[in-house]
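Converting from the sequence shown to our numbering requires adding 52 to each position, the first position being numbered 1. No residue lacks a Cβ here, since even glycine has one placed at the ideal position from N, Cα and C. As structure tokens, the structure follows; a few thoughts come after it.
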Amino acid sequence: MMEMAGELTGWAFWLPLIWAVLIALAVFFYVCMDGFDLGIGILFPFMRDKSERDVAVNSVAPVWDGNETWLVLGGGGLLAVFPLAYAVVLPALYIPLILMLLALIFRGVAFEMRFRAENNTQQMWWDRSFSWGSMIAAFSQGVALGAFVQGIQVEGRAYAGGWWDWLSPFSVLTGVALIIGYGLLGACWLLWKTEGALHRRAVALAWPFAVGTVVAILLVSAIMPFLQPAFAERWLTFPNLLYAAPVPLLVALIIWRFFHALAEDTGRGGLVDARPFLLALGLFALSYAGLGVSMWPMIVPPAFDIWQAAAPPASQSFLLVGAAVLIPIILAYTGYVYWIFRGKVTNETGYH
Numbered sequence: 053m054m055e056m057a058g059e060l061t062g063w064a065f066w067l068p069l070i071w072a073v074l075i076a077l078a079v080f081f082y083v084c085m086d087g088f089d090l091g092i093g094i095l096f097p098f099m100r101d102k103s104e105r106d107v108a109v110n111s112v113a114p115v116w117d118g119n120e121t122w123l124v125l126g127g128g129g130l131l132a133v134f135p136l137a138y139a140v141v142l143p144a145l146y147i148p149l150i151l152m153l154l155a156l157i158f159r160g161v162a163f164e165m166r167f168r169a170e171n172n173t174q175q176m177w178w179d180r181s182f183s184w185g186s187m188i189a190a191f192s193q194g195v196a197l198g199a200f201v202q203g204i205q206v207e208g209r210a211y212a213g214g215w216w217d218w219l220s221p222f223s224v225l226t227g228v229a230l231i232i233g234y235g236l237l238g239a240c241w242l243l244w245k246t247e248g249a250l251h252r253r254a255v256a257l258a259w260p261f262a263v264g265t266v267v268a269i270l271l272v273s274a275i276m277p278f279l280q281p282a283f284a285e286r287w288l289t290f291p292n293l294l295y296a297a298p299v300p301l302l303v304a305l306i307i308w309r310f311f312h313a314l315a316e317d318t319g320r321g322g323l324v325d326a327r328p329f330l331l332a333l334g335l336f337a338l339s340y341a342g343l344g345v346s347m348w349p350m351i352v353p354p355a356f357d358i359w360q361a362a363a364p365p366a367s368q369s370f371l372l373v374g375a376a377v378l379i380p381i382i383l384a385y386t387g388y389v390y391w392i393f394r395g396k397v398t399n400e401t402g403y404h
């Protein structure tokens, strides 16, 4: 694969590289931003009081729709720029991806309808729907990731596996791991954005979800090198392991700082309350970096790299012009919305 990349020059080499970075960033932004509001739904069963659930939902109400913009950008970019990867990956992951989309739709309806419930019974069912939709969406994303990482069977330029190849012990593990990880992001978001009893509940929930996330990272990290020969070469052979070593070392540092920040929580607000959330995002970022170290430059492991799966340079150049205009607008709008709705959320006053 790298031999082919070495034969390319100019834009034929750089355009797929630029687009791979852009799509990877879009997926990461989606995981971070939609992860914490999916996490709110995952935490719903632990919130017994309706007022707490209302505050939790209100804390993400201004941003949750915009968060999913990055999912559209990542999926659309994959279709337009790496059509071969899209044509192979989509049939391999039809079932978990369809489940994810249905769960997101179901969750979106519940998000709005829970505020229109006419009695406690309706409220209970809409809350359950919001929670179930969040859990199924998170689990489906994790399963899809696990199935993608463990390898997709390809013959020629087409998917050659079966309907259920995506379902394996490893993909179930990554599905459960993402539920736990999103739950951690949701708890840390509430720790940052709320006060009083809900803030204290968020701190209490963050501890077990943090421990679960660390255990999940360790399990996935221990299994991944044995899924593909290329993964083992990156992590277990010399001198590659020296180049990859900063990732697990930084993960250990972030974990230590996270638990330290959680133990020091005082509910004072501002950046003090934001530290666990930012450190949890750092943990996700490093885990994502570890995935990149394992897979680079494959886009359909183990069959195709980014250059083999890329569209013609003319198409990539045309789309890059549009991305150069669109992405800064999305970033500016997203930053503006988060700035406008900064501060704590309460049941009586909303944002303040």
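| Query | Result |
| --- | --- |
| Whole-angstrom C-beta distance between Ala139 and Leu130, which should lie under 8 Å | The pair is not a contact, with the Cβ atoms about 10 Å apart (cut-off 8 Å). |
| Backbone secondary structure at Ala72 - three-state DSSP | helix |
| Contacting residues, own chain, Cβ-Cβ under 6 Å from Leu123 (five flanking each side not counted) | Tyr82 |
| Three-pair Cβ contact test at 8 Å for the segment 196–204 versus the segment 215–222 | yes |
| Every unbroken alpha helix (DSSP H) within the segment 344–399, with a cutoff of 4 residues, ordered by chain | 358–361 and 365–392 |
| Completely contained alpha helix (DSSP H) runs for the segment 284–323, where each covers 4 or more residues | 292–296 and 298–315 |
| Check whether Leu242 and Leu230 have beta carbons under 9 Å apart | no |
| Rounded straight-line distance, which links the Cα of Asn110 to that of Val161 | 15 Å |
| Buried or exposed (CB count within 10 angstroms, at least 16 for buried), Gly62 | exposed |
| Closest Cα partner of Ala78 within the set Leu90, Leu125, Ser273 and Gly118 | Leu125 |
| Cα-Cα separation, Gly93 to Ile392 | 23 Å |
| Nearest residue (CA-CA) to Leu331, options Ile306, Met176, Pro353 and Val377 | Ile306 |
| Per DSSP, cross-strand counterpart(s) of Glu207 | Ala210 |
| Element boundaries [alpha helix (DSSP H), containing Val115] | That residue, Val115, is in no alpha helix (DSSP H); it is neither H nor E in DSSP. |
| For Ser339, the nearest candidate out of Phe80, Phe98, Val73 and Ser192 (CA to CA) | Phe80 |
| Distance, Leu383 Cα to Phe96 Cα | 29 Å |
| For Val115, the nearest candidate out of Thr398, Val397, Asn399 and Tyr390 (CA to CA) | Tyr390 |
| For Thr386, the nearest candidate out of Leu294, Ala375, Asp117 and Gly344 (CA to CA) | Asp117 |
| Alpha carbon of Ala362 to alpha carbon of Met350, nearest angstrom | 12 Å |
| First through last residue of the alpha helix (DSSP H) which encompasses Met176 | Asn172 to Gln202 |
| Cα-Cα separation, Glu316 to Glu164 | 36 Å |
| CB contact flag (Pro68, Trp359, <9 Å) | yes |
| Close-in-space but distant-in-sequence residues of the same chain around Ile188 (CB under 7 Å, 5 per side omitted) | Leu151 and Ala155 |
| Reference Phe7; option with closest CA among Ala256, His312 and Tyr388 | Because the chain is modelled from 53 through 404, residue 7 falls outside the range shown and cannot be assessed. |
| Selection from Leu288, Lys396, Ile275 and Gly342 that minimises the alpha carbon distance to Val224 | Ile275 |
| Whole-angstrom distance between Ala284 and Ile157, CA atom to CA atom | 39 Å |
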